[in-house]
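Chains as they are written, first to last, in the numbering used here: chain A, 309 to 1524; chain B, 38 to 124. Notes for the one structure printed next.
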Amino acid sequence: MHLYNLTLQPPTAVTQAIVGNFSGARQQEIIVSHGTRLELLRPDPQTGKISTVIASDVFGSIRSLAAFRLTGGTKDYAIVGSDSGRIVILDYDPKTSSFVKLHQETYGKSGARRIVPGQYLAVDPKGRSVMISAMEKAKLVYILNRDAAANLTISSPLEAHKNAAIIHNIVGLDVGFENPTFAALEVDYSESDQDPSGEAFNNAEKLLTYYELDLGLNHVVRKWSEPTDARANLLVQVPGGQLASSDRYDGPSGVLVCCEDHIIYRHMDVPQHRVPIPRRRHPLEDPDRGLIIVSAVMHKMKGAFFFLLQSEEGDLYKVTIEHEEEEVKSLRIKYFDTVPVASSLCILKSGFLFVASEFGNHYLYQFQKLGDDDDEPEFSSSSYPSFGMASPSEPLPRAYFKPRGLENLALADEMESLDPILDAKVMNLLPNSDTPQIFAACGRGPRSTFRMLRHGLEVEEVVSSDLPGIPNAVWTTKIKEEDPYDSYIILSFVNGTLVLSIGENIEEVQDTGFLSSAPTLAVQQIGEDALLQVHPQGIRHVLSDRRVNEWRVPPGKTIVTATTNKRQVVVALSSAELVYFELDLDGQLNEYQDRKAMGSTVLALSIGEVPEGRQRTPYLAVGCEDQTVRIISLDPETTLETISLQALTAPPSAICIADILDASINKSHPTTFVNIGLQNGVLLRTVLDPVNGQLTDTRTRFLGTRPVKLVRIQTQRNPAILALSSRSWLNYTHQNLMHFTPLIFESLDFAWSFSAELCPEGLIGITGSVLRIFQIPKLGTKLKQDAIPLSYTPRKFISHPTNRYFYLIEGDHRTWGEEAAARKLDEMRKQGKMVDEDVLDLPPDAFGRIKAPAGTWASCIRIIDPVEAKTVAVLPIDNNECAFSLAVVPFAARGGELHLVVGTAQDTFLSPRSCTSGFLRTYRFTDDGAGLELLHKTETNDVPLAVMAFQGKLVAGVGKALRIYDVGKKKLLRKIENKVRYNFASAIVTLNTQGSRILVGDMQESVSFAVYKAPENRLLVFADDSQPRWITAVAMVDYTTVAAGDRFGNVFINRLDMKISEQVDDDPTGAGILHEKGLLMGAPHKTKMLCHYHVGDLVTSIHKVSMVAGGREVLLYTGLHGTIGILVPFVSKEDVDFISTLEQHIRSEQSSLVGRDQLAFRGYYAPVKAVVDGDLCETFAKLPASKQSAIAGELDRTVGEVLKKLEQLRVTASGF
Amino acid sequence: MSSELRYTANTQLEHLHARYTGTGHADLTKYEWLTHQHRDTLASIVGHPTLTSYLAIADNESIGRVKFEMTERMLQPCGPPPPKDED
């Protein structure tokens, strides 16, 4: 088995975001890290929308990012700390629209190790140096400068190591132009490691240490080190230094030390200031729980600065420092607003706040005000004795605020993010769909969603209206060449033409010069201010003064098809003749003296747009009934001579020539494509050589069951093609690469572009007798998402075999269930305590839920109708139970009646795993599956993490035990537990079955094969894996093969020897297996690993599905950070050789952006085995042309052939 | 640190041990080994974004809190060291 890995949806989680002028222009951009991918985002200050500029895979794991600007520079660079053991400085080059690696300095081993730097980055605000630090001990300082040619230079590293120091955070101090200084938050463990009494541990001090880089001596010294709060976790830079122009200080310099419950202002040799972090006054508040700041941002404005700190609840606090020159008078904190908990916050100068959420969608907010003059309570250090530091070890009295809706911020834009995907199913549930949908349970806590993903572009309908008849075509046209918008809509019916004018209303007009008594074949705004209508009997040239010049067809003939552009008209007559017209300089349409006889009925014609600055386009494409397409010259020298010919597999139904930019073929100029739609629903795309008119590089694609129609339209001011069959497809350029994506819309009979003031880049189409105007808002996204909100973190879901509902279990740790919360509140009310109802009424999806102590759970079962996209019913689970697993079981003892079994556990603690009791809840379906009725609860001794239907019974993985249950009147009855020598090490997390074989995935011990021997009632494990694996997802590929994902981001495939498989099946009683000797302290047989690959994302589900109608089955996996990828089996040995060689060549040409070796990354935990990295192969399209041809040359292919092969692999496997 | 010097007088080895924290040696106690293992694991969890997300989802804490608690735990992941024998 050899697999090709292809990412369909790259990870959408943002682990870090930085802001800066990366393109060197005035506009600020944001670089976000998706863990294994860097993306440059550009927020538009006018519209407040975020758009992606570029995104590229880095083939490494990004751990830290920092924006950095040289003194006096105008352009920011991005410094990346990763698991490559190298520091990398990236520059965004707007010309080529790519990240360029400026420097790459190696300092250590690869991998996210304890003492190899890369975890933290801190830059000097004046852009002179950078510190990169590890989790422990190692800190390196690089000096950055510019050389004579103003290029960025980097020095060799200077060490600032401190042995046995755990580093919590580092930050660059703002010291103006004095020596660059960095602050680090460190804890020394050497004493606590030596002290058995534990006293040293209890007294361990967290030190705030300043490291000064002496630029004169080229040396780093530890300048100052003082203990600070033991629960400090984050440092924030405070502005400082003098302005060059005046003597004024920007700020007091120093750092804010964010601790649990407190913020401390700290600087060398000056008094400290401490304020409490205000808390929500919630009646159910856990008083023992501290509050920490998880993200922070400082913003400098003219002569002032402020901080926004975000707590783990999502509340933003505005922190200000009142200072006189360098002396701090007070530190003030007040509540600002509440937004989702962020992994990074970015403030843009244009007045926006980008919130990169740690889970779920990301948001862009616009500042409405800065919270300066509201009546929020403000807490100042000056109102506490000695600025809050009278007794530093004692906490300050708690401060409270009342959370409220957004006041200072307003939502501007939202970026959809699947992160985290916790479970998924791939099924085709929608009516009239031939491709499956992906259903994903996403998100965490109250912001969780259940999403349906469909491949295709989202379509937004603007207007739709019924027409009196069924038109067969629609056009729009401007009246004059320089008009910005269209003026007329022309509808062609079987026996007439209707003209509508576009204005305040859309209404019929009569005096347009168009012939209304005949159908129309083509409409064109021609020349400067004339219009043209082609109808079966002739051509009407309507001049601006409404005079009409009409060309009539010779008697006995009709026009069958026509093609036009701004200066040229070609019509085909029923006698298989072509007539060519061209506009002369006086605006007269002149017929070319000869007519061209084609010899076969012409079915389709197309000419391209007139190229800029030219008189005419030189090529005409003619599709004839004899299954050919001919390219005919329109050049004055060789008018109507045939240049080339292409044979087809079916008669053509439409042709469309368009010049579209595709950087994989030509980086700088648009390529001329001849798109040929066939009557059998296939689209051919060929490249027209602009010099000799030959057709090359043919690609085919099946669009649908109806004859293809093609329309040339505009998207984002670039030409694109709309292809209509039983589905509509859009072929367009996005980020310089060509995309071909279906539209998620009803099938269209005809369509045309539509441009009006309110809808500048719209489309108009007809379906039956309905006229629809629509637009495509999100170009570039390949998956359309429809979401249903959930209450708690989704755990797992399951489909019903007969109805269309999904059954989903949700559960949150550290959360009060609704019933438990109500009970507690009632108690409090009875005791006469004040209960603030306003706080309780806050919507949890915006404010989250109050944190409860560990071991408190809220959970529910939800029934979802995925087609209608709504929740049918919600069943809360009480008694502090949480649901962990579910299965639909047809119990044989009940005549095969379907039951839902949900595995729950009460008072569960996670580490170490414990519960007072586990339960198997058995439900009966009511109302055709729309409801559930609890039959009984069966106690178990551990948490049932996996349940599954098996031969009319239930198999449950209860902790370490594998058991089979049958249904009884009052309980499930335990039939057997595997009591064989080979127990599962920690907990059973997945179960799969085929026949009497059960595949058991263990939390730490990989997948084992077990068999149930019914005659003897034996449950026996007969094979397991030779290495430990922390299984997260398993799918059976076939009876002997299993695909699984582990917690560290690997996917792998294991296979059991066929002989052993047969031997086990042939053993009727299982006695043979029972008495076989175990191997390597495990089962007697071992599976063999066939494939291994590191995805870079934690795999949460694997499915064996076919993604296209009639296509091959592939393995689709979903990742925690929102990745959706597929593993495609290669069909032939030649393909394997070809693609692996290609991968090898690209690997040597394309070095990773973070300096990680691609092969080493894909073999992070175990060497890559029999899997080709398709994401790397697809970067072939982005390589410079010279490298492309060099690689293609090595492979004895042309560049086009390589690209075609890659596209074919993608399209046949996924349809994407 | 001095133990291997005593037996092997290999100064280079000692230098390497000082440089690469966590490297084992012949006289490593169970406690030391375990503590190193735990610190390595905790550092690895903090260093891998997917793992911190995973733990944060399981425990319903913010990622920032998970990273903080993991880093805090690195100070003494396996409790105080066992009392030393008198010799």
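Ideal Cβ placement from N, Cα and C applies to all residues, glycine included.
query, result
"So with CB distances below 8 angstroms, who are the chain A contacts of residue 121 (chain B)?", "504"
"Can you pull the chain B residues whose beta carbon is under 8 angstroms from the beta carbon of residue 753 (chain A), in chain order?", "97"
"Which residues in the same chain as residue 800 (chain A) place their Cβ atom closer than 7 angstroms to its Cβ, once the five residues preceding and following it in sequence are excluded?", "779, 780, 781, 827 and 828"
"Which residue marks the beginning of the beta strand (DSSP E) containing residue 1068 (chain A), and which one marks its end?", "1067 to 1075"
"Under three-state DSSP, which class holds residue 1320 (chain A)?", "strand"
"Is the beta carbon of residue 1274 (chain A) sitting closer than 8 angstroms to the one on residue 1283 (chain A)?", "yes"
"Can you have a look at residue 53 (chain B) and say buried or exposed, based on whether 16 or more other CB atoms are within 10 angstroms of its CB?", "exposed"
"Would you grab the beta carbon distance between residue 1101 (chain A) and residue 756 (chain A) for me? Rounded to a whole angstrom, and I think it's under 8 angstroms.", "6 angstroms"
"Express the C-alpha separation of residue 1358 (chain A) and residue 90 (chain B) in angstroms, rounding to a whole number.", "16 angstroms"
"To the nearest angstrom, how far is it from the Cα of residue 39 (chain B) to the Cα of residue 544 (chain A)?", "For residue 39 (chain B), the pLDDT reaches just 49, beneath the cut-off of 50, and the residue's location in the model is therefore unreliable, although a value from the coordinates is still provided. Using only the alpha carbons, I get a separation of about 40 angstroms."
"By alpha-carbon positions, which one of A:614, A:1286, A:533 and A:1061 ends up nearest to residue 795 (chain A)?", "A:1061"
"Whose C-beta lies closer than 7 angstroms to the C-beta of residue 1186 (chain A) among residues of the same chain, with five residues either side of it excluded?", "1125 and 1127"
"For residue 940 (chain A) and residue 929 (chain A), what's the separation of their Cα atoms in angstroms?", "6 angstroms"
"Enumerate in chain order the residues of its own chain whose CB-to-CB distance from residue 676 (chain A) is below 7 angstroms, with the five nearest sequence positions on each side excluded.", "716, 717 and 718"
"Just to confirm, is the Cβ distance from residue 1343 (chain A) to residue 1296 (chain A) under 8 angstroms?", "no"
"If we cut at 8 angstroms on Cβ distances, does residue 541 (chain A) have a partner in chain B?", "yes"
"Select from A:1031, A:999 and A:1205 the residue whose C-alpha is nearest the C-alpha of residue 1012 (chain A).", "A:1031"
"Count the other C-beta atoms from every protein chain shown that fall within 10 angstroms of the C-beta of residue 42 (chain B), then say buried if there are 16 or more, exposed otherwise.", "Note that residue 42 (chain B) scores 48 on pLDDT, short of 50, meaning its location in the model is unreliable; the coordinates nonetheless yield the value given after this. Exposed: under 16 other Cβ atoms inside 10 Å."
"Can you pull the chain A residues whose beta carbon is under 7 angstroms from the beta carbon of residue 63 (chain B), in chain order?", "Simply none; closest approach about 19 angstroms."
"For residue 1518 (chain A), list the residues DSSP reports as bridge partners.", "According to DSSP, which records beta bridges pairwise, residue 1518 (chain A) is partnered with nothing at all."
"When DSSP labels each residue in this structure, what does residue 715 (chain A) get in the three-state scheme?", "coil"
"Have a look at the DSSP bridge pairing and note the partners of residue 1486 (chain A).", "DSSP lists no partner for residue 1486 (chain A)."
"Report yes or no: do three or more beta-carbon pairs, one from the segment 1380 to 1394 of chain A and one from the segment 1336 to 1352 of chain A, lie closer than 8 angstroms?", "no"
"Compute the distance between the beta-carbons of residue 1436 (chain A) and residue 1517 (chain A), then report whether it is under 8 angstroms.", "yes"
"Would you mind telling me which residues of chain A sit closer than 7 angstroms to residue 52 (chain B), beta carbon to beta carbon, in chain order?", "Residues of chain A passing the Cβ test: none, with the nearest at roughly 13 angstroms."
"When DSSP labels each residue in this structure, what does residue 597 (chain A) get in the three-state scheme?", "coil"
"Classify residue 66 (chain B) as buried or exposed, calling it buried when 16 or more other Cβ atoms lie within 10 Å of its own Cβ.", "exposed"
"Strictly under 8 angstroms for the Cβ-Cβ distance: is residue 1120 (chain A) near chain B by that measure?", "yes"
"At 4 residues or longer, and completely inside the segment 1144 to 1173 of chain A: list those alpha helix (DSSP H) runs for me, N to C.", "1145 to 1148 and 1152 to 1155"
"Please return the same chain residues whose Cβ sits closer than 7 angstroms to the Cβ of residue 569 (chain A), not counting the five positions on each side in sequence.", "584, 585, 598, 599 and 703"
"Would you say residue 631 (chain A) reaches chain D, if we count a Cβ-Cβ gap shorter than 8 angstroms as a contact?", "No chain D is present in this structure, whose protein chains are A and B."
"Applying a beta-carbon distance threshold of less than 8 angstroms, which residues of chain B neighbour residue 1445 (chain A)?", "In chain order: nothing, as chain B lies at least about 33 angstroms away."
"Where does residue 1181 (chain A) fall in DSSP's three states?", "strand"
"Tell me the DSSP secondary structure of residue 378 (chain A) in three-state form.", "coil"
"Which term fits residue 1320 (chain A), buried or exposed, when burial requires 16 or more other beta carbons within 10 angstroms of its beta carbon?", "buried"
"Looking at C-alpha atoms only, which residue of A:945, A:912, A:944 and A:925 is the closest neighbour of residue 938 (chain A)?", "A:912"
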